[in-house]
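K.L.:
First to last, the sequence lines map onto chains A and B.
Residue 66 in the working numbering sits at position 66 of the first sequence, with consecutive numbering throughout.
Basically the working numbering = 1-based index in the second sequence + 1000.
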Amino acid sequence: MIKLWVSHPLADLLDRVGLLPDYVDAQLEERIEKRAAAILGYGDEVPKKIRTETGFEVVAISRAHGRLLVHIEQRKSEVLRWTYREHSRNHCIFECPGIMPNTYQASLLGKPLAELAKPGFAASEAIIESIVPFADGWIKAHVAPIWRQFERNRRS
Amino acid sequence: MNKTVRLASAYLEDLATIAITTPPEAETLSLYPDLDVAIRTKLRARLKQLGRHDWPTSMKEDPELRQGYTLRQCFRLISALALVNAQLRPGIAVAIAASNELEIMRVILDAIETGKVPAKNDRIAVCATGDLCELIDEHGFMRTEPNRLRWLQRHTLAELWSAQDDLAHPGPRVVIDIGQMGRAAWRWISERRLIPGDELQALAREIEVQQAEPGYRPGINRTNRR
Chain A
1 MIKLWVSHPL ADLLDRVGLL PDYVDAQLEE RIEKRAAAIL GYGDEVPKKI
51 RTETGFEVVA ISRAHGRLLV HIEQRKSEVL RWTYREHSRN HCIFECPGIM
101 PNTYQASLLG KPLAELAKPG FAASEAIIES IVPFADGWIK AHVAPIWRQF
151 ERNRRS
Chain B
1001 MNKTVRLASA YLEDLATIAI TTPPEAETLS LYPDLDVAIR TKLRARLKQL
1051 GRHDWPTSMK EDPELRQGYT LRQCFRLISA LALVNAQLRP GIAVAIAASN
1101 ELEIMRVILD AIETGKVPAK NDRIAVCATG DLCELIDEHG FMRTEPNRLR
1151 WLQRHTLAEL WSAQDDLAHP GPRVVIDIGQ MGRAAWRWIS ERRLIPGDEL
1201 QALAREIEVQ QAEPGYRPGI NRTNRR
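(1) Leaving aside the five residues before and after residue 1151 of chain B along the sequence, list all residues of the same chain whose C-beta is less than 6 Å from its C-beta, in chain order.
(2) Could you name the residues of the segment 1189 to 1223 of chain B whose beta carbon sits closer than 8 Å to any beta carbon of chain A, in the order they occur along the chain?
(3) Are at least three pairs of beta-carbons, each pair with one atom in the segment 1172 to 1186 of chain B and one in the segment 1107 to 1127 of chain B, less than 8 Å apart?
(4) Taking only three categories from DSSP, how would you classify residue 1201 of chain B?
(5) So which residues of chain A does residue 1032 of chain B contact, with C-beta pairs closer than 8 Å?
(6) Using alpha carbons as the reference points, say which of A/31, A/95 and A/50 lies closest to residue 142 of chain A.
(7) Of the choices B/1067, B/1066, B/1147 and B/1098, whose alpha-carbon is the least far from that of residue 1075 of chain B?
(8) Does residue 138 of chain A have its Cβ less than 8 Å from a Cβ in chain B?
(9) How many angstroms separate the CA atom of residue 1001 of chain B from the CA atom of residue 1196 of chain B?
(10) For residue 1037 of chain B, return the contacting residues in chain A, with the cut-off set at a CB-CB distance below 7 Å.
(11) If the cut is a Cβ gap below 8 Å, which residues of chain B does residue 134 of chain A touch?
(12) Which of the three DSSP states is assigned to residue 131 of chain A in this structure?
(13) What are the residues that DSSP puts in a beta bridge with residue 94 of chain A?
(14) Consult DSSP for residue 42 of chain A and reduce its assignment to one of helix, strand or coil.
(15) What is the DSSP secondary structure of residue 62 of chain A, counted as helix, strand or coil?
(16) According to the neighbour-count rule (16 or more other Cβ atoms, all chains shown, within 10 Å of its Cβ), is residue 1232 of chain B buried or exposed?
(17) Tell me whether residue 1001 of chain B sits in a helix, a strand or coil according to DSSP, three-state version.
(18) Going by DSSP, what residue range makes up the beta strand (DSSP E) through residue 5 of chain A?
(19) Does the Cβ-Cβ distance between residue 1184 of chain B and residue 1022 of chain B come in under 8 Å?
(20) For chain B, is any of its Cβ atoms less than 8 Å away from the one on residue 113 of chain A?
(21) Would you say residue 103 of chain A faces chain B, with C-beta separation under 8 Å as the test?
(22) Looking only at its own chain, which residues have a Cβ that is under 7 Å from the Cβ of residue 124 of chain A, when we skip the five neighbours before and after it?
(23) Can you list the residues of chain B that residue 83 of chain A reaches, using a CB-CB cut of under 7 Å?
(24) Taking Cβ-Cβ distances shorter than 9 Å, what residues in chain B pair up with residue 95 of chain A?
(25) Please tell me whether residue 70 of chain A and residue 9 of chain A are closer than 8 Å, where the distance is taken between their beta carbons.
(26) Below 8 Å on C-beta distance, what does residue 80 of chain A contact in chain B?
(27) On the CB-based measure, 16 or more other CB atoms within 10 Å of its CB, does residue 1036 of chain B come out buried or exposed?
(28) Contact between the segment 1056 to 1076 of chain B and the segment 1007 to 1021 of chain B is defined here as three or more beta-carbon pairs at a separation below 8 Å; is this criterion met?
(29) Please classify residue 1067 of chain B: does DSSP put it in a helix, a strand, or coil?
(30) Quick one: does residue 1115 of chain B have its CB under 8 Å from some CB of chain A?
(31) Fully enclosed by the segment 1098 to 1164 of chain B, which beta strand (DSSP E) runs are 3 residues long or longer?
(32) According to the neighbour-count rule (16 or more other Cβ atoms, all chains shown, within 10 Å of its Cβ), is residue 1161 of chain B buried or exposed?
(33) Assess contact between the segment 137 to 153 of chain A and the segment 83 to 100 of chain A, defined as three or more Cβ pairs (one per stretch) separated by less than 8 Å. Is contact present?
(34) Does the beta-carbon of residue 25 of chain A have 16 or more other beta-carbons within 10 angstroms, so that it is buried, or is it exposed?
(35) In chain order, what residues of the same chain lie with their CB nearer than 7 Å to the CB of residue 1044 of chain B, ignoring the 5 residues before and after it?
(36) Considering just the uninterrupted stretch of the beta strand (DSSP E) at residue 151 of chain A, what are its terminal residues?
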C-alpha cells in the first residue's frame, strides 16, 4: 500500500463529479508508464469533466511527492476572477483582485479563506497564513488547506 | 518587498508555443495550447539546447533558477527562440540575443505598452547575416557586425537594403518581429496571471535605469560552456 494525499478542495471537486482520488492517481500513473509528464492538462478527461459538471475551471491536476495538486483559474466572461494553485504541501496560493487596508489584512491571518473571498468550494475552509497585496490591485493569499490521506489500491 | 514571482519551468513549452504561433494582430489567444507529448519533448530538447549556451541564464549566474524563470529571462528566451525559428543555429541565435538584449527588452516593453494593434512605428529587428562572408572577407565581415540587430519601423521595412543604419551592404536579411512575440507572451502570462503585473513594472524600471547604455553590447554575458 502506498500512502498518498489529496487536499480537501480537490477532494471536494472530485466528490461533486463522483470520482475518487484513486482514479486520478491511476490516470497519472498511466501517463508515467507512457513516459509522459505526470500532469493532467486542460484537455484531459478529469479536468474537463470537473469543468463541465461543476463550473470550476480546473486547468491542471498534477502529482508531486505523493500529493495530488490542483490548479484552478476561474473566469467570468473571459476575465480572470480568481486563481487557486497548489504547488506543494505548504505552498498553496489563492489570488483575487481587491484592495484592503493593512489593519484588516492582519486580522484575517489564521482565519478561513471564506473571510476574504468565497470561491464556493472547500477551499473556503483553508486557513490564511499570509496575505501579500500587489500594486496591480490583486491580493495573494498563502493558504493551508487540510490534506486527507488515501491509499493506492494494488493494481494488476 | 515582494519576492520575485517566477514562471515555473513546466510552462516554458506553452510559453514558446504561444510566442511562436500567435499572429501579431490576434484578438484572442489560445490560453491552453494542446500539445501532444512528442511535440513537447522536441520543444523541450530545443530549450535544453539553448540552455547549453547558458541562455536565458545558468544555475551559476542565477541560483534561484530552480524556482522558475523571471520575466526578463522569459523574454530572453523568446528572443532566442525567434531567431532559432528563423533557422539560425542556436549558437548564433544566442550570440545575437545576448549582445542585443537591452534593445530587445526596450522593444518588447514598448510593444506591450503600445497595446493592441501592431502600430506602424513598431520597431522590427533586422539581422544582416553572413556566415560565409567570414571566410571570404573577414575584415568586411567584422565591419558589418553580423551580430548587431538593426531596427526598422514597420512602415519603413521596404528599406532593407538602403543606406540607412548601415544596411547598404548586400546579403541576406532576417526580419523578426520580436516586439509582437514578446507582447503575445506577456498577454498569455498576464491573462493566466502566472506572473503579476508588478513584475512588468519592475522590469520596466530595471531597463529604465540602463537608459544611457547602448542597446548593442557585443560579447557581453557570454560564457564558453556548451
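Every residue gets a Cβ at the ideal spot worked out from N, C-alpha and C, and that includes glycine.
In this text the structure is predicted, and so the values were computed from the model without any measurement.
P.N.:
Looking at the atomic coordinates:
(1) If we look at residue 1151 of chain B and ignore the five residues flanking it on each side, its Cβ neighbours are 1123.
(2) So the list reads 1191, 1192, 1193, 1196, 1197, 1198 and 1201, given in the order they occur along the chain.
(3) They touch, by the three-pair rule.
(4) Helix, per DSSP.
(5) Neighbours of residue 1032 of chain B across chain A, judged by C-beta separation under 8 Å: 41, 42, 43 and 59.
(6) Sorting A/31, A/95 and A/50 by C-alpha distance to the C-alpha of residue 142 of chain A places A/95 at the top.
(7) For residue 1075 of chain B, the closest C-alpha among the options B/1067, B/1066, B/1147 and B/1098 is that of B/1098.
(8) The C-beta of residue 138 of chain A comes closer than 8 Å to at least one C-beta of chain B.
(9) Residue placement at residue 1001 of chain B is flagged as unreliable, the pLDDT there being 48, under the threshold of 50; the coordinate-derived value follows with that caveat. So the two alpha carbons sit approximately 14 Å from each other.
(10) The contact set of residue 1037 of chain B on chain A, defined by CB atoms closer than 7 Å, consists of 36 in chain order.
(11) Under the 8 Å cutoff, chain B gives 1002, 1196, 1197 and 1198.
(12) In the three-state scheme derived from DSSP, where H, G and I count as helix and E and B as strand, residue 131 of chain A is classed as strand.
(13) Beta-bridge partners of residue 94 of chain A (DSSP): A/84 and A/141.
(14) Three-state DSSP puts residue 42 of chain A in coil, outside helix and strand.
(15) Of the three classes helix, strand and coil, the one that applies to residue 62 of chain A here is strand, per DSSP.
(16) Because chain B is modelled from 1001 through 1226, residue 1232 of chain B falls outside the range shown and cannot be assessed.
(17) Caution applies to residue 1001 of chain B, whose pLDDT of 48 falls short of 50 and renders its modelled position unreliable; the value that the coordinates give is listed next. The answer is coil: DSSP assigns residue 1001 of chain B none of H, G, I, E or B.
(18) It spans 2 to 7 - the beta strand (DSSP E) in which residue 5 of chain A sits, taken as one unbroken run.
(19) Going by C-beta atoms, residue 1184 of chain B is nearer than 8 Å to residue 1022 of chain B.
(20) Not one beta carbon of chain B lies nearer than 8 Å to the beta carbon of residue 113 of chain A.
(21) So, not an interface residue.
(22) Cβ within range, chain order: 112, 113, 114 and 118.
(23) The contacting residues are 1193.
(24) Within 9 Å Cβ-Cβ: 1193 and 1196.
(25) Yes, Cβ-Cβ distance for residue 70 of chain A and residue 9 of chain A is below 8 Å.
(26) The answer, in chain order, is 1191, 1192 and 1193.
(27) Counting Cβ neighbours within 10 Å, residue 1036 of chain B comes out exposed, since fewer than 16 surround it.
(28) At 8 Å Cβ cutoff, the stretches touch.
(29) Of the three classes helix, strand and coil, the one that applies to residue 1067 of chain B here is helix, per DSSP.
(30) Residue 1115 of chain B has a beta carbon lying at 8 Å or more from every beta carbon in chain A.
(31) Annotation: the segment 1098 to 1164 of chain B contains the following complete segments of the beta strand (DSSP E) (minimum length 3 residues), in chain order: 1123 to 1128 and 1149 to 1153.
(32) With a 10 Å radius around the Cβ and a threshold of 16 neighbouring Cβ atoms, residue 1161 of chain B comes out exposed.
(33) Taking 8 Å as the limit for Cβ pairs, the verdict is that the segment 83 to 100 of chain A does touch the segment 137 to 153 of chain A.
(34) Within 10 angstroms of the beta-carbon of residue 25 of chain A lie 16 or more other beta-carbons, which makes it buried.
(35) Cβ within range, chain order: 1013.
(36) Unbroken beta strand (DSSP E) run through residue 151 of chain A: 147 to 152.
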